[in-house]
Amino acid sequence: MSQVTPEVLWAQRSSNTDPEKNFIYLTISVPDVPKENIKLDLKDTTLTFHGHSDSLKRTYHLEITFYGEIDPAESKIHHTSRNVEFKLRKKELDENFWPRLLKEPKKVQFLKTDFDKWVDEDEQNEAPEEDMSQFGGMGGMPGMGGMGGMEGMGGMGGMPGMGGMGGGDFGGIDFSKLGGAGGPGGLGGMGEEEDDDDEDSDDMPALEGEEEADDKDTGKKPA
1 MSQVTPEVLW
11 AQRSSNTDPE
21 KNFIYLTISV
31 PDVPKENIKL
41 DLKDTTLTFH
51 GHSDSLKRTY
61 HLEITFYGEI
71 DPAESKIHHT
81 SRNVEFKLRK
91 KELDENFWPR
101 LLKEPKKVQF
111 LKTDFDKWVD
121 EDEQNEAPEE
131 DMSQFGGMGG
141 MPGMGGMGGM
151 EGMGGMGGMP
161 GMGGMGGGDF
171 GGIDFSKLGG
181 AGGPGGLGGM
191 GEEEDDDDED
201 SDDMPALEGE
211 EEADDKDTGK
221 KPA
């Protein structure tokens, strides 16, 4: 069965003093993919996602390499019937935004700016904080090296290679030790989803995918 690269939305906040305000919002759109059909591997510089929807008979696969380093242990996740959302803690405190999400400046079709969460860099201190109460913290996982701390864990019974878990959301996953999804390399595995346009996108992240926005009369969110 062929694999599909899911749509990814992103936004960010930055701070050189407060780690809680220095993070990436990341949303992977994977409708009808239950938790037991998901494999994740989040590391300092890479994220690999693999999931399957039985109802849609569709397999999703994503491998990305971040522009900078994130802290998997301080990152959070929330699973819904339509997507998987992340709050990824940037490892380096910096008042400046990342110029883009991905390490490579090449534009990709699947990545778009999340304008529902995006704020301009000079306005982020005045922006209201998002409700992150539904996001689970990172603890341990049975079958993944004897890590402790299962608060908020669950709903992941039968997840391949991850042991049985109780009911609930993804809260409690220690992504820094969540292997088994394969080592991503750059944007490997994107296949035909990659845009052949090698145009440099070192400018502000909100401008990534500007051409797509022009084509759709701003009706489509750019990456």
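Take the sequence shown: its letter number 188 is residue 188 in UniProt numbering, and every next letter is one higher. Note that CB positions come from ideal geometry on N, CA and C, so glycine has one too.
The beta strand (DSSP E) that contains residue i, what's its start and end?
i	result
residue 286	The structure shown has nothing for residue 286, since the chain only spans 1 to 223.
ASP41	38-42
LEU111	111-113
Given this structure, state the Cα-to-Cα distance separating residue i from residue j, to the nearest angstrom.
i	j	result
VAL33	ALA11	23 Å
LYS35	HIS79	8 Å
GLY189	HIS61	Low confidence applies to GLY189: its pLDDT is 41, below 50, so where it sits in the model is not reliable, and the reading given next is rough at best. About 7 Å.
MET153	GLU95	A caution first: MET153 carries a pLDDT of 35, below 50, which makes its placement in the model too unreliable to give a value.
LEU111	PHE49	14 Å
ASN83	LEU93	28 Å
TYR25	ARG89	9 Å
PRO31	THR65	23 Å
THR27	GLU85	4 Å
PHE115	LYS76	20 Å
ASP54	THR17	45 Å
Please return the same chain residues whose Cβ sits closer than 6 Å to the Cβ of residue i, not counting the five positions on each side in sequence.
i	result
LYS21	ARG13 and SER15
Would you list the one or two residues that DSSP bridges to residue i?
i	result
GLU69	DSSP lists no partner for GLU69.
GLU63	THR48
PHE23	ARG13 and ARG89
LEU102	PHE66
residue 294	Nothing about residue 294 can be reported from this structure: the residues present for the chain run from 1 to 223 only.
ASP94	SER15
SER29	ASN83
residue 241	Lying outside 1 to 223, the shown extent of the chain, residue 241 is not represented and no answer is given.
Less than 7 Å between C-beta atoms, sequence neighbours within five positions excluded: which residues of the same chain meet that for residue i?
i	result
TRP98	GLN12, TYR67, GLY68 and PRO205
Can you check which of these residues, the options, is closest to residue i by C-alpha distance?
i	options	result
GLU63	ASP18, GLU36 and VAL8	VAL8
LEU56	THR48, ILE70, SER81 and THR17	SER81
ARG100	ALA73, PRO6, VAL84 and GLU121	GLU121
THR45	PRO72, ASP114 and VAL4	PRO72
GLY59	ASP114, LYS39 and LEU102	The sequence given here has Thr at residue 59, not Gly. When each option's Cα is compared against that of THR59, the closest is LYS39.
LYS91	ASP41, ASP54, LEU47 and PHE23	PHE23
LEU42	LYS87, LYS107, THR113 and VAL108	LYS87
ILE70	HIS52, LYS103 and GLY51	LYS103
Check whether the Cβ of residue i lies closer than 6 Å to any heavy atom of the ligand NAD, and answer yes or no.
i	result
PHE115	Questions concerning the ligand NAD fall outside what the structure shown contains, since it holds no ligand whatsoever.
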